Amino acid sequence: MGVIQLPNFSRILCFSFHIILILLQQTTAARELKFVVVLFRHGDRTPIVNFPTDLHKESEWPQGFGQLTKTGMQQLFELGQYMRKRYSSFLNSTYNRQEFYIQSTDYDRTIMSAQSYLSGLFPPTSSQIWNPELLWQPIPVHIFQKTTEQRLNFPLPNCPRFDELQHETQTSKEFQNRIQPYMDFLQTMAVNTGFELNHLKILDNFQLWNTYDTLHCEGIHNYTLPAWATEDVINKMEKLAELSLLSLFGVYKTEEKSRLQGGVLVNIILNSVKQAVNSSAPRKMDVYSAHDTTVGALQIALNIFNGKLPPYAACQFFELYKESNGQYSIEMHYRNDTSKDPYLLTLPGCTSSCPLEKFAELVSPVITENWSKECGKKDKMKDIFIGFNVAVGLLSIFNLGLLYLLYHYGLCRRRNNYQDI
Numbered sequence: 010m011g012v013i014q015l016p017n018f019s020r021i022l023c024f025s026f027h028i029i030l031i032l033l034q035q036t037t038a039a040r041e042l043k044f045v046v047v048l049f050r051h052g053d054r055t056p057i058v059n060f061p062t063d064l065h066k067e068s069e070w071p072q073g074f075g076q077l078t079k080t081g082m083q084q085l086f087e088l089g090q091y092m093r094k095r096y097s098s099f100l101n102s103t104y105n106r107q108e109f110y111i112q113s114t115d116y117d118r119t120i121m122s123a124q125s126y127l128s129g130l131f132p133p134t135s136s137q138i139w140n141p142e143l144l145w146q147p148i149p150v151h152i153f154q155k156t157t158e159q160r161l162n163f164p165l166p167n168c169p170r171f172d173e174l175q176h177e178t179q180t181s182k183e184f185q186n187r188i189q190p191y192m193d194f195l196q197t198m199a200v201n202t203g204f205e206l207n208h209l210k211i212l213d214n215f216q217l218w219n220t221y222d223t224l225h226c227e228g229i230h231n232y233t234l235p236a237w238a239t240e241d242v243i244n245k246m247e248k249l250a251e252l253s254l255l256s257l258f259g260v261y262k263t264e265e266k267s268r269l270q271g272g273v274l275v276n277i278i279l280n281s282v283k284q285a286v287n288s289s290a291p292r293k294m295d296v297y298s299a300h301d302t303t304v305g306a307l308q309i310a311l312n313i314f315n316g317k318l319p320p321y322a323a324c325q326f327f328e329l330y331k332e333s334n335g336q337y338s339i340e341m342h343y344r345n346d347t348s349k350d351p352y353l354l355t356l357p358g359c360t361s362s363c364p365l366e367k368f369a370e371l372v373s374p375v376i377t378e379n380w381s382k383e384c385g386k387k388d389k390m391k392d393i394f395i396g397f398n399v400a401v402g403l404l405s406i407f408n409l410g411l412l413y414l415l416y417h418y419g420l421c422r423r424r425n426n427y428q429d430i
């Protein structure tokens, strides 16, 4: 029996692999990124407040409470550099105001975080260099005024129904089952922090969350912690802070809460995506600089929340793709660890690359058409209009009554005159 030669088979195999590689490259090339929405939390900052027994006062922090630190600046600069690398073939290498728009809440730390992010994302090159010794360029950060921050500063204020839901949450079975294991710990914490126990048990007033945050900030910056703030205590406080965030926007009647809170931002992002699809010259990227509660409210509304407090510079982003078949899809990614690639998230009920129409359908339960009405807020203009009509009506009745009295008074005068004659 002779030896079987397989040169033709090898050629066929190599040729097949070559064809498959070409097809894969064509498929990949056919999928095109069209638009990106980015939401990030500000960078490392000083504490927001101190607790009654805190060892450190605001004057010990160089810029006071709630301010971005140099570490925070570096975190957002690094995030900007990461985004520059990730979208190097999508974004212009130079800043173009027609393609890019960034907004921030009206807080020093979020505005400065946005500026730090931009310095990493758009370092000036070629003609944009205005000072050879300073590779930085000014880029406008658009600010939401605190009176109109209806998008980013959660929980959104002036919503009576949401306030009712918070009170209901405190007495709900779902919340009580979660808080009961910590009751002895909370009693100890009341003694240690100087807060009243009843206030600590109501997690939505932020006292415990803020206390954990203060100790967390002090620990990062090597401030002396109180003796009772052991690692075990800090860990328990972190768990309760996570429960605070979760119960604020979820745990009880999550869908209704989301309609009044995170769903507002979901709707804004969805509308931006739809506009990018329908516009002949859409922007390439919208960016929001905000807070941990912003990220949390959004993720809870989308049912993609991992239960953890969003760390400094945590970034949630949405990518809009035009698929090879001409349809559009959305991918969600979450970057909360600089040592790892962002997590690819999946909207429940869909695939990780979710068709836009399906995405819109799945998020529709948390989107409201009339936020003020669902919040139980009265329409002031309507009240004014009704009040005006009532006033006019009462005035008309008064005038009719006055005319009636004057008429009868006149009749009485005539009769008296006749009697005198």
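Residue 10 is where the sequence shown starts when you use this note's numbering, and the numbers rise one by one after that.
All residues carry an ideal CB built from backbone N, CA and C; glycine is no exception.
Note that the structure is a prediction, hence the values are computed from the model and not measured.
- The three-state secondary structure of R170, taken from DSSP, is helix.
- A straight line joining the alpha-carbon of H342 with that of F326 spans about 5 Å.
- Relative to H230, the option among V58, F44, E69 whose CA is nearest is E69.
- Pairwise C-beta distances place the segment 208-228 out of contact with the segment 130-143, as fewer than three of them are shorter than 8 Å.
- Between Q112 and I148, the gap from beta carbon to beta carbon reaches 9 Å or more.
- Along the segment 247-326, the alpha helix (DSSP H) occurs as fully enclosed runs of 4 or more residues at 263-269, 271-287, 301-311, listed in sequence order.
- Proximity to L274 across T302, Q72, T233, S128 peaks at T302, based on C-alpha coordinates.
- Relative to E87, the option among N315, T347, T55 whose CA is nearest is T347.
- Under the DSSP definition of a beta bridge, R54 partners with L77.
- Of L279, K66, N101, R54, the smallest CA-CA separation from M82 is found for R54.
- K155 carries a helical assignment under DSSP once its states are collapsed to helix, strand and coil.
- In the three-state DSSP reduction, T114 falls in the strand class (E or B).
- Secondary structure note for S361: it is in no alpha helix (DSSP H), with a DSSP letter that is neither H nor E.
- Between Q137 and Y110, the CB-CB gap reaches or exceeds 9 Å.
- Burial is judged here by how many other beta carbons sit within 10 angstroms of a residue's own beta carbon; D193 has fewer than 16 and is exposed.
- Segment contact: the segment 303-321 against the segment 250-267, three or more CB-CB distances shorter than 8 Å; contact assigned.
- Excluding sequence positions up to five before and after N280, its CB lies less than 8 Å from no other CB in the same chain.
- A straight line joining the alpha-carbon of K349 with that of I120 spans about 26 Å.
- The C-beta distance from L249 to Y321 rounds to 20 Å, too long to fall under 8 Å, and the pair is not in contact.
- Beyond the five residues adjoining it in sequence on each side, A199 comes within less than 7 Å, by CB distance, of E205, L206, L209 in the same chain, given in chain order.
- A distance of 9 Å or more separates the beta carbons of V58 and Y297.
- Pairing W380 with L269 gives a Cβ-Cβ distance under 9 Å.
- Within its own chain, the residues whose Cβ lies closer than 7 Å to the Cβ of Y352, once the five positions on either side in sequence are excluded, are H342, Y343, listed in chain order.
- Around the beta-carbon of E328, 16 or more other beta-carbon atoms lie within 10 Å, marking it buried.
- Of the other Cβ atoms in all chains shown, fewer than 16 fall within 10 Å of the Cβ of G73; this residue is therefore exposed.
- Under the three-state reduction of DSSP, R40 is assigned to coil, being neither helix nor strand.
- Taking a C-beta distance under 9 Å as the contact criterion, F131 and R93 qualify as a contact pair.
- Going by beta carbons, C363 and S338 fall inside the 9 Å limit.
- For P61, the CB contacts under 7 Å within the same chain, skipping 5 residues up- and downstream, are T202, G203, F204 in chain order.
- Residues S102, T103 of the same chain have their beta carbon placed closer than 7 Å to that of T134, with the five preceding and five following residues left out of the count.
- One alpha carbon belongs to R118, the other to A299, and they sit about 9 Å apart.
- C-alpha of F368 to C-alpha of R95: approximately 24 Å in a straight line.
- In this model, I243 and R292 are separated by some 44 Å (Cα to Cα).
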